[in-house]
Each structure stands twice: as structure tokens, then as C-alpha cells.
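Top to bottom, those sequences are chains A and B. In terms of UniProt numbering, the first sequence opens at residue 1 and continues consecutively. In terms of UniProt numbering, the second sequence opens at residue 1 and continues consecutively. Here a beta-carbon is modelled for each residue, glycine too, at the ideal position from N, C-alpha and C.
Protein chains: 2
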Amino acid sequence: MATEIERKFLLSSDIWRTLPHTSVRIAQGYLSAEPARTVRVRIKGEAGFLTVKGQNHGISRVEFEYPIPHTDAEAMLALCPHVLDKTRHLLQTGPYVWEIDEFHGDNAGLVVAEIELPAVDAEFTRPAWLGEEVSHDARYYNSYLSQHPYNRW
Amino acid sequence: MATEIERKFLLSSDIWRTLPHTSVRIAQGYLSAEPARTVRVRIKGEAGFLTVKGQNHGISRVEFEYPIPHTDAEAMLALCPHVLDKTRHLLQTGPYVWEIDEFHGDNAGLVVAEIELPAVDAEFTRPAWLGEEVSHDARYYNSYLSQHPYNRW
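Below you can see the structure in the form of C-alpha cells.
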């Protein structure tokens, strides 16, 4: 079990694309999209994961993640009602790594940046390309997006 | 991934209790009780498991089961809306092992026997204590019982 403390932002510009970063394609679906107990199946590059998350308390929530065989993840994605497709770009600024998720398919046009923090009140420098914070806006949860894609907002 | 082929029965008598068997206590809850994609957390004796099952097709369904730390299973049971409590008795007859589930708590009074078969049309001998078959009765799914306990039927 881990406790995940994350803040999430929209982006004010595309400047980050010119900065050094790595990218990996992610496909994920939800066996449960209930906010109190989400169950996510993910294929990240070639690796499969099964992840359980509890209710959000502010910007933190409990998380349990297990690596699973790629073939299991493929078969479980087929059980999910919707599959999210995105590219995750990792970009280092100071001690922190920003995860910039660029969505495809029905969520194309949406780009969000997340930072995982060691404590709820941890300080961090806001890069110039960072926009409005959406940590508390449930519409930007991936579980919500899988059911209500961005192109229908 | 495995395909699970199971048949489930009520019991016509308690004679089985006098036959050699082993018993283990099981606590389980559902992160998803959707028949198309159930996600079960189970503590069986001291062992934890996370199990995903797909839709039933007749008496078979796909199943993915992963051993997880006991502490993870405890914490995830706390995320489940209901927790089923039962004792599983294992009883060998010929080549097959019967799993006899004796429910406690809100499902006390309910006892069902399950047999896992190698093929949908596999033959097996019905013990004298076996009652009505309920393989196709969704009320006897554990996921259903967790939401609609036997004492409220």
C-alpha cells in the first residue's frame, strides 16, 4: 500500500515539447470507476499493471499497484467498457518529475500535467508552461474521462 | 488467465460433516460486483488474493487471480461496501474436490457446494448429500450475496 499525493494542472503553452523528455504510450481501462474503489488495468509500453485506488482525501488517496503479465492486461482491458489511450511524457524540473499526459482518441485535445509530492504541503516551482490547477476537479479523473470523454464536454 | 468451469448446488443433508474434510475461513469483498467484471479481494486463512472475473458464459468464465500481501488485502477489504464471511470445507470424492461454503453473518443458514470441472460436459458422481443445482441462479453468486444477504431473501 502507498499513499499517493498528486496535484494536477492544465497547460498554458506547448513550450514543454521543446524541453528534454521521455515518452511512453499508455492504454488503460477501469474494471471499477467508482471513486471510492477504482480498479484500473494498464498497459504502459510493454508492462501490465492492476491498480486499486481508494477515495480521494483532498489530494491524497491510498493506492495498491501490482505488475501483471501483458497478456492478462490485454484480456482484462477487453472486459472494460472503455479504454483510454494517452502518451505520457516525463519531464524533470529540479527534484520533481512532471508527468504530462497527452490524450488520444475521444479525449484528443486534452493535455494535463501531474506532479507527485512527498507531502500534502510540499513546495515546488511552477514551470512557465503550467496553467490552471484542476486537482480537485473530478472531471479530470481518468476514471471520469473514460466514461465522459473530452470531445463530448 | 484461466477459464473457470464450475457447477454449484444446494445441499440435501448435513451428512458431509461426518466425512473427512479440511476447513478454512474466508473473508471476501467486492471492489466491483458488476457481473461483466467482478473484482474480488479475499483473505483465505493467512493468504491474500485479488481476483478479476469476466462475464459468465453458461457455467464458464475467465478468471485472473493474483496473490497479494495480507496487509494489502486487509486494507482493500476496508474499501469494499460489504464483506462476506464463510468457512470453506474441502471434501474429496473420487477425482474431484467439492468446495462446501458455509456462510456466516448476514448469510448464515446458506450452505452451497461447488465443483470445478475440466470441461463443460465433464461427468461426475453426485454424492448423496447433494441437492438442487443452482449454477445458473445469479442469486447464489457471492457478488450478489454480498449486496443481498441471505437473511433478507
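Taking Cβ to Cβ, would you say residue i is nearer than 9 Å to residue j?
{"i": "Trp129(A)", "j": "Leu11(A)", "result": "yes"}
{"i": "Leu50(A)", "j": "Leu50(B)", "result": "yes"}
{"i": "Gln147(A)", "j": "Ala36(A)", "result": "no"}
{"i": "Tyr96(B)", "j": "Phe64(B)", "result": "no"}
{"i": "Leu91(B)", "j": "Val39(A)", "result": "no"}
{"i": "Val41(A)", "j": "Leu77(A)", "result": "yes"}
{"i": "Gly48(B)", "j": "Val83(B)", "result": "no"}
Kindly list the residues whose CB is nearer than 6 Å to the CB of residue i, restricted to its own chain and excluding five residues on each side of it in sequence; keep chain order.
{"i": "His89(B)", "result": "His21, Ser23 and Ile100"}
{"i": "Ile43(B)", "result": "Ala27 and Ala73"}
{"i": "Asp106(B)", "result": "Pro149 and Asn151"}
{"i": "Glu114(A)", "result": "Glu6, Lys8 and Glu99"}
{"i": "Asp85(A)", "result": "Ala27, His104 and Gly105"}
{"i": "Glu133(A)", "result": "Phe9"}
{"i": "Leu117(A)", "result": "Ile5"}
{"i": "Ile68(B)", "result": "Gly48 and Leu50"}
Going along the chain, which residues of its own chain have a beta-carbon closer than 8 Å to the beta-carbon of residue i, five neighbours each way excluded?
{"i": "Gly109(B)", "result": "Phe103, Tyr150 and Asn151"}
{"i": "Tyr66(B)", "result": "Phe49, Leu50 and Thr51"}
{"i": "Thr87(B)", "result": "Ser23, Val24, Arg25, Ile26, Asp101, Glu102 and His104"}
{"i": "Ala122(A)", "result": "Ile5"}
{"i": "Ile15(A)", "result": "Ala128 and Trp129"}
CB-CB under 7 Å to residue i, same chain, minus the five flanking residues each way: which ones, in chain order?
{"i": "Ile59(B)", "result": "Ile5, Glu6, Arg7, Val120 and Ser135"}
{"i": "Thr93(B)", "result": "Thr125 and Pro127"}
{"i": "Ser13(B)", "result": "Trp129"}
{"i": "Tyr140(A)", "result": "Lys8, Val112 and Val134"}
{"i": "Leu19(B)", "result": "Leu91"}
Looking at C-alpha atoms only, which residue of the options is the closest neighbour of residue i?
{"i": "His70(A)", "options": "Gly45(A), Thr125(A), Tyr96(A) and Leu79(A)", "result": "Gly45(A)"}
{"i": "Tyr144(B)", "options": "Phe64(B), His57(B) and Pro81(B)", "result": "Pro81(B)"}
{"i": "Ala138(B)", "options": "His57(B), Ala2(B) and Arg17(B)", "result": "His57(B)"}
{"i": "Ala75(B)", "options": "Val62(A), Ile68(A) and Glu133(A)", "result": "Val62(A)"}
{"i": "Gly54(B)", "options": "Glu133(B), Gly131(B), Thr3(B) and Tyr66(B)", "result": "Thr3(B)"}
{"i": "Gly131(A)", "options": "Val112(A), Tyr141(A) and Thr18(A)", "result": "Val112(A)"}
Using 9 Å as the limit for Cβ to Cβ distance, is residue i near chain A?
{"i": "Arg17(B)", "result": "no"}
{"i": "Ala75(B)", "result": "yes"}
{"i": "Arg52(B)", "result": "Just to set this straight, residue 52(B) is Val in the shown sequence, not Arg. Output row for Val52(B): interface = yes."}
{"i": "Val120(B)", "result": "no"}
{"i": "Leu79(B)", "result": "yes"}
Could you check whether the Cβ of residue i sits closer than 9 Å to any Cβ belonging to chain B?
{"i": "Gln55(A)", "result": "yes"}
{"i": "Glu34(A)", "result": "yes"}
{"i": "Tyr66(A)", "result": "yes"}
{"i": "Asp72(A)", "result": "yes"}
{"i": "Leu91(A)", "result": "no"}
{"i": "Val62(A)", "result": "yes"}
{"i": "Leu31(A)", "result": "yes"}
For chain E, is any of its Cβ atoms less than 9 Å away from the one on residue i?
{"i": "Arg37(B)", "result": "The question asks about chain E, but that chain is absent: this structure's protein chains are A and B."}
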